[in-house]
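Residue numbers (our numbering): 1348 to 1378.
Cβ coordinates follow ideal geometry from the N, Cα and C atoms, glycine included.
Because the structure is a prediction, the values reported are computed rather than measured.
One structure is given below, encoded as C-alpha cells.
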C-alpha cells in the first residue's frame, strides 16, 4: 500500500517537474 502511494507520488512529482520545465521554456521563448 505504502509503496503504491510512493510510486504515485514519484510519478506526480516527475510529471509536475516536466510540466514546470516546459512552462519555463515557453515563458523564456515568450519573452
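Between the alpha carbons of residue i and residue j, how many angstroms are there, rounded?
| i | j | result |
| --- | --- | --- |
| residue 1353 | residue 1363 | 15 Å |
| residue 1358 | residue 1365 | 11 Å |
| residue 1360 | residue 1376 | 24 Å |
| residue 1349 | residue 1367 | 27 Å |
| residue 1371 | residue 1351 | 30 Å |
Among residues of its own chain, excluding the 5 on either side of residue i, which ones have a beta-carbon nearer than 8 Å to its beta-carbon?
| i | result |
| --- | --- |
| residue 1369 | none |
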